[in-house]
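Quick notes on the structure that follows.
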Amino acid sequence: MKRCLFILILIGMVLNAYLTFAEQPFAIIVHGGAGSYGNDSVVNQKIKDVISFAVEQGYAVLEKGGSAIDAVETAIRILEDSPLFNAGKGSVLNEEGFVEMDASIMDGKTLKAGAVAGVRDFPNPITLARLVMEKTPHLLFAGEGIERLIDKFNLKRVAPKSLITPERLEEFKKQKESQRKGTVGAVAIDKNGNIAAGTSTGGMANKMVGRVGDSPIIGAGTYAKNSTCGVSCTGHGEFFIRQSAAFQVSSLVELGKFPLQKAVEFVLSEIKNMGATGGMIAIDKDCNIAFDYTTMGMPCGFKSSKGDFKVIIFKEELLNK
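Using the numbering used here, the first residue of the sequence shown is number 18, and each one after it goes up by one.
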């Protein structure tokens with residue numbers, strides 16, 4: 018009798034552990050940059066289609082039991098490969114007419130991170146950032162260090178001109194500020210409760226050569242910590258750096274000052290009070306999804322195992338069923 022009781026208790030413990038694991042929610046959210054988006058339905062639909070594809074591919078990684086890091090890199094590479102966004106192919110040009118890209122990625126489980134700044138001849142800076150995190154003892158590479166990194170891992174360079182799209186070249190010739198301010202990013206939480214965040218950008222249009230924004234700065238443009246949340250930012254980088262924006266959201270959550278959505282809104286309001294605009298996406302340890310922006314719009318998409326799935330550019334679209 019005691020033996021049967023012991024077996025029943027053991028089975029119950031195993032089932033409970035299994036159900037607990039099975040119930041661990043997972044999710045991903047991506048953004049395509051806060052900025053001025055018009056009412057061109059054709060262009061907007063193309064943007065939303067790419068965002069949707071990035072969300073679906075990142076979510077598929079999580080659904081199969083993949084890591085949050087894998088999901089974030091997968092989603093961001095898709096956005097970098099699209100000429101519709103200011104990252105990878107399609108990045109804005111600096112004052113001398115060439116591309117300089119930045120990116121970072123962070124693992125919320127280990128607090129390890131990797132970043133690159135000023136990439137000129139590799140189409141997926143987020144992959145370089147991950148290599149820095151996982152294959153080197155360092156965190157941030159720039160200049161000649163990036164070229165050596167590409168050689169070390171036998172990666173394929175591309176001609177810098179191949180990263181320039183006709184639209185960006187036209188903007189440069191007219192010395193016109195890009196309407197899409199830039200930056201793409203993703204945040205994910207996987208089935209093991211691990212959080213990751215990543216950000217990639219071409220930076221500001223017509224920027225001075227060598228200028229670096231918040232995207233490759235851990236704590237400013239990107240941050241992830243399993244016990245709090247993951248955050249990816251977009252906007253006027255200098256102000257996000259001065260506010261330690263991504264880290265500040267995590268700290269507000271950790272200290273119990275605000276729930277995730279309110280923390281995002283608070284930090285963006287602080288940046289707006291300084292005279293700058295932008296946006297953020299975030300996911301916390303309980304799989305709550307948050308985002309906000311202080312610009313005209315921000316392409317954003319998210320999907321979770323709780324059943325949530327949405328792709329928007331403007332907040333009003335959340336009201337549409």
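Even glycine gets a Cβ: it sits at the ideal position worked out from N, Cα and C.
It should be emphasised that the depicted structure is a prediction, and the values quoted were computed from it without experimental measurement.
Closest Cα partner of residue i within the set the options
i	options	result
V226	K332, G114, L180, N103	G114
G252	I306, P316, S268	P316
A214	A307, A241, M313, S99	A241
A159	R174, E117, L180, G49	E117
F331	P183, H48, V270, A130	H48
E112	N171, G55, A222, S268	A222
Q278	Q265, S286, C250, F308	F308
I45	F170, L128, V89	V89
L156	G236, Q265, F43, L335	G236
M150	R137, F283, L128	L128
A263	V270, P276, V248	V248
V175	V201, P154, V136	V136
K224	V201, G238, E188	E188
R185	F102, G230, A134	F102
D138	I181, T239, I306	I181
S267	V284, V60, G254, K65	V284
C250	D168, L335, A203	A203
V270	Q260, G324, I300	I300
G82	K208, G55, P177	K208
N141	S84, T200, I64, G238	T200
G16	G314, A130, E161, G273	Summary: the structure shown does not reach residue 16, with the chain confined to residues 18 through 338, and so no result is reported for it.
P4	C304, V109, L148, I258	Not covered by the structure: residue 4. The range shown for the chain is 18 to 338.
K126	Q260, I163, I86	I86
Simplified DSSP state of residue i, which is helix, strand or coil
i	result
Y310	strand
M297	strand
V13	Any answer about residue 13 is impossible in this case: the structure gives the chain only from 18 up to 338.
T144	helix
K323	coil
I235	strand
A77	helix
I181	coil
F38	The predicted position of F38 is uncertain, since its pLDDT is 48 and thus under 50; a value taken from the coordinates is nonetheless stated next. Three-state result, F38: helix.
F275	coil
N61	helix
L101	coil
F170	coil
R165	helix
G254	helix
D303	coil
N290	helix
R228	coil
V284	helix
A176	coil
E15	No answer is possible for residue 15: it lies beyond the span of the chain, which begins at 18 and ends at 338.
T200	coil
K191	coil
S268	helix
A222	coil
S53	coil
S69	helix
Beta-carbon proximity list for residue i, same chain, < 7 Å, skipping 5 on both sides
i	result
F256	I288, M291, A293
S69	G318, V328
I143	E90, I93, R94, E97, A120, I122, G215, S217
S322	P42, F43, A44
P233	D119, A120, S121, A132, V133, A134, L157
Q74	T91, A92, I95
Q265	V284
Bridge partner(s) assigned by DSSP for residue i
i	result
Y240	V248
L157	A132
E205	Going by the sequence as given, residue 205 is Ala instead of Glu. Bridge partners of A205: I45, A213.
M123	A130, A214
C317	H48, I329
M150	In the DSSP output, where bridge partners are listed per residue, M150 has none listed.
M118	V136
Chain-order list of residues whose beta-carbon lies under 8 Å from that of residue i (same chain, five-residue window excluded)
i	result
K302	I206, G210, I212, N243, S244, T245, C246
F341	A question about residue 341 goes unanswered here, because the residues of the chain that appear run from 18 up to 338.
Chain-order list of residues whose beta-carbon lies under 6 Å from that of residue i (same chain, five-residue window excluded)
i	result
Y310	A51, G296
L166	F158
T37	Note on T37: pLDDT 46, under 50, position unreliable in the model; the coordinate value appears next. Cβ neighbours of T37 beyond the five flanking positions: none.
T312	A51, G52, T294
F326	K320
G230	G220, G254
E333	none
E282	D309
P100	K106, G107, T182
Short CB-CB distance (under 8 Å) between residue i and chain D
i	result
D138	Although the question refers to chain D, the structure presented lacks it and comprises just one protein chain.
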